[in-house]
Each structure stands twice: as structure tokens, then as C-alpha cells.
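Visitor: Protein chains in written order, with this note's numbering: chain A, 349 to 679; chain G, 258 to 531. What follows is a structure written as C-alpha cells; I'll ask about it next.
Structure, rendered in C-alpha cells:
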């Protein structure tokens with residue numbers, strides 16, 4: 349009895365300590381917390397000082413947090429104080445809207461809430477020795493495709509939807525497009541947990557082609573990695589959302605920052621880092637090739653529908669493909 | 258002088274008071290960092306009901322990952338029992354130049370962030386291997402990663418026991434005509450068995466929970482090389498925290514069972530020895 353009472357007292361004390369630890373966090377008066385997915389980090393290292401040089405940005409301090417898009421979305425849901433949130437894909441933002449942390453109308457502006465675009469491309473070895481140009485080239489015998497695991501990397505979902513949509517674009521039926529995905533996965537020898545790890549794997553010598561964002565391909569080239577990339581004729585437009593958190597204590601400065609990020613000047617900086625600008629004026633001068641068969645996630649039914657149809661862990665098409673490929677190869 | 262006599266008079270009481278304080282501290286500390294978090298995981302896994310728990314834990318991809326994890330963890334623990342004993346034996350009984358360096362090497366897998374271990378192992382035994390061994394992204398790769406991170410457990414638990422063992426008994430056995438194998442089996446093995454089992458149990462538990470190195474070396478291919486911890490990670494990434502907790506609870510429960518089983522075995526051995 350005595351021991352149990354002591355144990356209970358211990359638990360109680362522990363609980364109180366935990367509760368006390370949860371208080372007291374929050375920003376200063378003119379400090380913005382930017383919570384972002386990891387790839388645009390280098391762009392923000394340039395963009396934030398540029399903002400601080402403008403009239404609206406004078407004296408605004410920043411603290412920044414970078415991580416995978418899903419992790420960052422969860423962190424904000426779990427109480428990470430954020431003023432501006434930018435993520436890799438819309439569903440991660442939608443979760444914040446559902447949690448009441450981002451206003452419903454976040455995507456009502458002319459850019460539909462987006463800050464940058466990109467497209468899915470093929471990263472190949474320098475000189476493209478296997479001459480990979482089209483989606484059909486990926487499933488030729490002996491071609492190894494590097495692609496992160498779509499269940500751990502939100503970004504990998506873009507790649508798969510690009511592959512699927514390209515098949516529909518080429519006149520295939522949805523069944524044939526599913527069959528293509530199955531064949532594609534048979535050519536994937538490794539499924540890293542994130543896009544960055546997949547790139548490491550590819551640069552480390554594994555695989556003939558890697559499915560990736562155009563900005564990652566450009567980034568790899570800027571870092572003088574020995575790679576080329578091919579923009580396929582049919583590919584998906586990747587759109588990265590940004591929003592001001594509804595609980596921001598500094599909403600004015602936060603909005604000013606987002607407005608700045610959409611300005612021609614800021615959008616040019618994004619473009620230098622390989623992102624396609626959403627600002628028309630900046631996009632015009634950036635010289636990104638326009639794939640003739642470009643489509644969007646909306647053309648495939650939108651993220652809510654796509655997530656359910658393809659990425660449900662029980663009934664999703666991709667879950668089914670993983671099962672088929674994994675079990676058949678076996679051993 | 259007088260003060261010291263007084264103090265001695267109260268010593269028993271003070272010691273008891275001190276012990277209670279210590280016990281309280283231990284309880285509080287363990288509650289905060291072990292019991293409460295584990296309880297929270299179990300609670301989280303059952304929040305959606307037992308139906309949901311069962312469904313999550315027996316979902317085919319989860320089952321495949323769990324099966325692979327336990328099979329590999331057992332194999333690695335068994336491998337450690339053999340190799341760990343051999344290494345400990347050599348380190349204690351053999352004299353050779355560089356022995357201290359080898360001894361220091363044993364603990365390095367503890368010090369290295371496992372993700373770095375994964376990357377370096379992949380560089381050595383992956384597709385661009387300088388030694389011509391390519392087991393990256395295969396189940397053999399998973400075994401290799403886990404063998405690396407669990408290396409110290411058996412060595413470090415057997416080594417001190419061997420150190421305190423006097424060679425007299427073995428010499429006596431040998432004088433009586435026992436070969437080196439027999440003397441090892443009849444004299445050394447029974448002595449180191451408890452430490453061996455304890456080391457193997459720790460290695461098993463560590464292997465079950467390992468994430469950093471396998472996530473790099475295994476390639477994470479569902480149904481083939483995806484281990485339970487990586488599967489849990491993928492569930493979390495998909496905001497399926499309930500299922501993630503359910504699979505974690507299965508991992509926890511199995512580890513508890515294995516540890517308890519080994520403990521029981523050990524106790525029975527000791528009782529037999531008495």
C-alpha cells in the first residue's frame with residue numbers, strides 16, 4: 349500500500365512538472381518565426397536579409413525552423429509558434445486550416461496561396477548515358493529508378509502523380525496508368541525516406557535516373573554534382589503553399605513578408621535557386637522551359653481525392669503496388 | 258567527540274530517511290523518463306479502441322515489417338552470442354600488440370550516430386563498394402547494420418566475468434583429460450552464461466528499436482527490407498499516429514516478453530547452480 353501511494357505521488361508530481369513545462373513560449377514584438385520545409389532554406393538565407401532592407405522589413409527579426417514538410421506541419425499543429433508557414437504540398441497546409449491555425453481563405457489570393465512552383469524532372473548521370481528522355485524510357489530493361497518512399501516522403505507523391513498523369517496525358521486508360529506505376533516500381537531498387545536522401549543515394553552511384561523536383565536538380569548542378577536533368581514533355585506542376593498563421597502576434601509584419609516574397613525582386617531570387625516563380629513578371633525572364641503536356645494535381649482530382657485513391661495504406665493503389673512488388677520479389 | 262556519539266545514535270534513522278529520499282527520487286525520475294512515456298504510448302495505441310489496434314498491428318505491411326524485425330533481431334542476437342564471446346575471450350585471454358586499440362574499438366558503435374554508421378557502411382558495402390561486396394538495400398544489409406550497432410553488448414557483459422575467472426578450474430579440467438572444447442563447455446560456458454544471456458537480450462532489444470542505420474542501409478522497401486521502426490516512421494509521416502503507436506506497442510510487448518523470458522531462464526540457471 350505504502351509503496352503504491354508513493355508511486356502515485358511520484359506520478360502526480362511528474363504530471364505537475366510536465367504541465368508547468370508547457371507554459372511560456374511566444375514571439376517578441378517584432379520578431380517573425382518562419383516555419384518552412386527544408387529545401388528552400390538557402391533561398392531564405394538570401395530572401396530574409398533582402399526583406400530586412402525594405403521599408404516594411406526594417407527592424408524585423410527572424411527565427412527560422414526547417415524540416416520535412418510533414419514534420420513541420422505536425423510541429424505547428426502541436427503548438428510550435430509560427431508566424432509564416434511554407435510547406436511542400438497543399439495537404440500539409442490543409443491540416444493547419446483544419447486545426448484552426450491558418451485562416452480558411454489562405455488560398456484566396458491571385459496565386460491561390462502558392463509561393464513557388466516546380467515540375468517533376470528526371471535527374472540522370474552526366475551526359476545522359478542511357479539516353480533517358482521519356483517516361484517509357486524509365487521502364488526499359490536494366491534501368492534503375494531512384495525514388496523516395498511515398499509513404500515517408502510527401503514529396504515522392506508528386507513524382508508518382510507525375511508518372512501517373514503522364515500516362516493519362518499520353519492517352520492511356522487509368523488501368524493502364526496503374527499498370528505503368530507497377531512496372532515503374534519494379535525498377536526502383538531503393539526507397540529512401542526523403543528526397544534529399546534519395547539524391548544522396550543517386551549521387552553515391554546507385555541508379556540510372558532519379559525522379560525529383562526541378563529545383564533539386566538545379567540545386568545539385570549548382571553544387572557541381574555530376575548530373576544532368578531532363579524535363580519530360582508530360583509532367584506535373586508542383587505548387588508550394590505559404591500562409592500567415594492565424595495566431596500570429598505579428599500579422600502585419602508577417603503579411604508584409606509574404607507580400608515581399610511574392611514581389612518580382614524576391615521571386616527572381618527564388619528563380620536563381622531553381623524554383624519557378626509564381627510572379628508572372630519574374631517568371632517571364634527566368635527562362636524555365638514550358639513542358640507542352642504540363643498538368644496539375646487538380647487535373648487528377650485534387651489532393652484529397654488523390655491521397656485517398658493512391659496513398660491510403662490499406663486500399664490505395666500505391667499501397668497495393670508496394671505489396672505486389674515486395675511480395676513477388678520476396679526472399 | 259560528544260557530537261559524533263550523538264550522530265552515531267541517530268545514524269540508523271538518518272540512513273532510513275536517506276534511503277526513502279533516494280527511493281523517491283528514483284521513482285520520480287523513472288516515472289518521468291520511462292514509465293509515463295511508455296504508458297502514454299500504450300494509452301495512445303488503445304485510444305481508437307481495440308479493433309483499431311488489432312487492425313493496425315495486423316495490417317499486412319506492419320506484419321511483414323514486424324516479422325522481418327524480430328527475425329533479424331534474433332539472428333543478430335545469436336550472432337552476437339558467438340562473436341561477442343569470441344571477441345571477449347580473445348581480449349581477455351590473448352596477448353597481442355594493439356590489443357588496447359581493439360578493446361577501445363568495441364565501444365565505438367555506441368558513440369557513432371547510427372545514421373552516420375548507416376552511411377559509412379553503405380559506402381563500404383553498397384553498390385560502389387571498394388571491396389566488391391554489394392549488400393546495400395537488401396535484408397543482408399539490415400543484418401549488417403544491426404550487427405554493427407549491437408556489437409558492444411555481449412562483449413562488454415561477458416568480458417568482466419571472464420576477467421574475474423581464475424584459470425585454475427580449466428587447468429584442473431585439462432589435467433583430468435578434458436580437451437579445450439570440453440573445458441570451455443563444462444567450465445567457462447556455465448560461468449559466463451548469465452552475462453551472455455543478459456548481453457544477448459540487450460542486443461536483441463536494441464536491434465528491435467534501431468532506426469538510424471537501417472533507414473539508410475535497408476532501402477525501406479515495404480514487404481522486403483522495411484523494418485518495424487521505419488514502418489512506424491512512415492505511419493507517423495502519414496498522420497496515422499494511432500497505428501504507429503499500435504505497432505510500437507507490439508514491439509514493446511515482444512521486447513518485454515523476451516527480456517522477461519531471459520531473466521527467468523537466468524534465474525533458473527542460478528537456482529540450479531545453487
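Don't be surprised by glycine CBs; every beta carbon is placed ideally from N, CA and C. It should be emphasised that the depicted structure is a prediction, and the values quoted were computed from it without experimental measurement.
#1: Tell me, which residues are paired with residue 379 (chain A) by DSSP?
#2: Could one say the Cβ of residue 554 (chain A) lies closer than 8 Å to chain G's Cβ atoms, at least one of them?
#3: Any chance you could list the alpha helix (DSSP H) runs of at least 4 consecutive residues sitting entirely within the stretch 469-509 of chain A, in chain order?
#4: Kindly list, in the order they appear in chain G, the residues whose Cβ is closer than 8 Å to that of residue 671 (chain A).
#5: Determine the burial state of residue 436 (chain G): buried for a count of at least 16 other Cβ atoms within 10 Å of its Cβ, exposed for fewer.
#6: At the 8 Å Cβ level, is residue 468 (chain A) part of the contact set with chain G, yes or no?
#7: Is the shortest distance between the beta-carbon of residue 541 (chain A) and the beta-carbons of chain G less than 8 Å?
#8: What are the residues that DSSP puts in a beta bridge with residue 584 (chain A)?
#9: Report all residues from its chain with a CB closer than 7 Å to the CB of residue 390 (chain G); omit the five preceding and five following residues, and keep chain order.
#10: Is there a Cβ from chain A that is less than 8 Å from the Cβ of residue 382 (chain G)?
#11: Would a check of beta-carbon distances place residue 434 (chain A) closer than 8 Å to chain G?
#12: Listed from N- to C-terminal order along the chain, which residues in the stretch 398-425 of chain A have their beta-carbon within a distance smaller than 7 Å of any beta-carbon of chain G?
#13: Does the stretch 348-356 of chain G come into contact with the stretch 485-492 of chain G, if we say contact requires no fewer than three beta-carbon pairs (one atom in each stretch) closer than 8 Å?
#14: Report the option in G:283, G:319, G:282, G:380 whose CA atom is closest to the CA atom of residue 505 (chain G).
#15: Can you list the residues of chain A that residue 472 (chain G) reaches, using a CB-CB cut of under 7 Å?
#16: Where do the ends of the beta strand (DSSP E) carrying residue 425 (chain G) lie?
#17: Quick check: the stretch 500-507 of chain A against the stretch 620-632 of chain A, are there 3 or more CB pairs under 8 Å?
#18: Quick check: residue 450 (chain A) and residue 494 (chain A), are their CB atoms within less than 8 Å of each other?
#19: With distances taken from CA atoms, which of A:579, A:417, A:565 is nearest residue 573 (chain A)?
#20: Judging by CA-CA distance, which residue of A:661, A:548, A:401, A:380 is the nearest neighbour of residue 613 (chain A)?
#21: What in chain A is Cβ-close to residue 476 (chain G), meaning under 8 Å?
#22: List in chain order: all unbroken alpha helix (DSSP H) runs of 4+ residues lying wholly within the stretch 592-669 of chain A.
#23: With DSSP as the reference, label residue 404 (chain A) as helix, strand or coil.
#24: Return the bridge partner residues of residue 441 (chain A) from the DSSP annotation.
#25: Tell me whether the beta-carbon of residue 647 (chain A) lies closer than 8 Å to the beta-carbon of residue 513 (chain A).
#26: Nearest CA to the CA of residue 463 (chain A): which residue from A:665, A:674, A:635, A:592?
#27: So, helix, strand or coil for residue 388 (chain G), using DSSP?
#28: Helix, strand or coil, according to DSSP, for residue 462 (chain A) in the structure here?
#29: Provide the residue span of the beta strand (DSSP E) that contains residue 559 (chain A), from first to last.
#30: According to DSSP, residue 589 (chain A) sits in a beta bridge with which residue or residues?
#31: Which residues in chain G have a C-beta closer than 8 Å to the C-beta of residue 662 (chain A)? List them in chain order.
#32: Starting from residue 434 (chain A), trace the beta strand (DSSP E) both ways and give me its first and last residue.
#33: Which residues, in order along the stretch 382-400 of chain G, keep a beta-carbon less than 8 Å from a beta-carbon of chain A?
#34: Taking Cβ to Cβ, would you say residue 460 (chain G) is nearer than 8 Å to residue 334 (chain G)?
#35: Using Cβ-Cβ distances below 9 Å, what residues of the stretch 482-496 of chain G are close to chain A?
#36: Verify the CB distance criterion: does residue 644 (chain A) have a CB-CB separation below 8 Å to chain G?
Guide: Taking the coordinates as given:
#1: Position 31 of the first chain holds residue 379 (chain A). BP columns for residue 379 (chain A) point to A:409.
#2: As a working mapping, residue 554 (chain A) is identified with position 206 in the first chain. For residue 554 (chain A), the answer is yes, since a Cβ of chain G falls inside 8 Å of its Cβ.
#3: 483-486
#4: What you label residue 671 (chain A) is simply residue 323 of the first chain in a count that begins at 1. Simply 317, 318, 479, 480.
#5: For the purposes of this step, residue 436 (chain G) is taken as the residue at position 179 of the second chain. Under this definition residue 436 (chain G) is an exposed residue.
#6: Residue mapping note: residue 468 (chain A) aligns to position 120 of the first chain, counting from 1. Cβ-Cβ to chain G under 8 Å: no for residue 468 (chain A).
#7: Start at 1 with the first residue of the first chain, and residue 541 (chain A) comes out as number 193. Taking Cβ atoms only, chain G reaches closer than 8 Å to residue 541 (chain A), which makes this a yes.
#8: As a first step, residue 584 (chain A) must be located in the first chain, where it is residue number 236. Bridge partners of residue 584 (chain A): A:643.
#9: Indexing the second chain from 1 puts residue 390 (chain G) at position 133. Excluding sequence neighbours, residue 390 (chain G) sits near 382.
#10: As a first step, residue 382 (chain G) is located in the second chain; it is residue number 125 there, counting from the start. No, no contact with chain A.
#11: By one-based count along the first chain, residue 434 (chain A) stands at place 86. Residue 434 (chain A) does not count as touching chain G.
#12: 418
#13: no
#14: Translated into positions along the second chain, residue 505 (chain G) becomes position 248. Comparing Cα-Cα distances from residue 505 (chain G) to each of G:283, G:319, G:282, G:380, the minimum goes to G:319.
#15: Residue numbering aside, residue 472 (chain G) sits at position 215 when the second chain is read from its first letter. Those are 541, listed as they occur along chain A.
#16: As a working note, residue 425 (chain G) is residue 168 in the second chain. Looking at the DSSP string, residue 425 (chain G) is not in any beta strand (DSSP E); the run it does join, the alpha helix (DSSP H), is 425-432.
#17: no
#18: In the first chain, residue 450 (chain A) corresponds to position 102, counting from 1. In the first chain, residue 494 (chain A) corresponds to position 146, counting from 1. Taking 8 Å as the Cβ cut-off, residue 450 (chain A) and residue 494 (chain A) do not qualify as a contacting pair.
#19: If you number the first chain from 1, residue 573 (chain A) lands on position 225. Residue A:565 is the option with its Cα nearest to residue 573 (chain A).
#20: In the first chain, counting from the first residue as 1, residue 613 (chain A) sits at position 265. For the residues A:661, A:548, A:401, A:380, the minimum Cα distance to residue 613 (chain A) belongs to A:401.
#21: The residue given as residue 476 (chain G) occupies position 219 in the second chain. Within chain A, the residues near residue 476 (chain G) are 537, 538, 539, 540.
#22: 599-609, 612-620, 628-634, 650-659
#23: Numbered from its first residue, the first chain carries residue 404 (chain A) at position 56. Residue 404 (chain A): coil per DSSP, three-state reduction.
#24: Locating residue 441 (chain A) in the first chain gives position 93, counting from the first residue. The partner list for residue 441 (chain A) (beta bridge, DSSP) is empty, contrary to what the question assumes.
#25: In the first chain, counting from the first residue as 1, residue 647 (chain A) sits at position 299. In the first chain, counting from the first residue as 1, residue 513 (chain A) sits at position 165. Cβ atoms of residue 647 (chain A) and residue 513 (chain A): closer than 8 Å.
#26: For the purposes of this step, residue 463 (chain A) is taken as the residue at position 115 of the first chain. Of the candidates A:665, A:674, A:635, A:592, the one whose C-alpha sits nearest the C-alpha of residue 463 (chain A) is A:592.
#27: Counted from its first residue, the second chain places residue 388 (chain G) at position 131. Three-state result, residue 388 (chain G): coil.
#28: Position 114 of the first chain, counted from the start, is the residue given in the question as residue 462 (chain A). Strand at residue 462 (chain A).
#29: Within the first chain, residue 559 (chain A) is the residue found at index 211, counting from 1. Counting along the chain, the beta strand (DSSP E) containing residue 559 (chain A) begins and ends at 557-561.
#30: In the first chain, the residue the question calls residue 589 (chain A) occupies position 241. Partner(s): A:462.
#31: For the purposes of this step, residue 662 (chain A) is taken as the residue at position 314 of the first chain. Result: 316.
#32: Within the first chain, the letter at position 86 stands for residue 434 (chain A). Counting along the chain, the beta strand (DSSP E) containing residue 434 (chain A) begins and ends at 432-434.
#33: 383, 384, 385, 393, 394, 396
#34: One-based indexing of the second chain puts residue 460 (chain G) at position 203. One-based indexing of the second chain puts residue 334 (chain G) at position 77. Yes.
#35: 482, 483, 487, 488, 490, 491, 492, 493, 494, 495, 496
#36: The sequence position of residue 644 (chain A) within the first chain is 296, counting from 1. Chain G contact via Cβ: absent.
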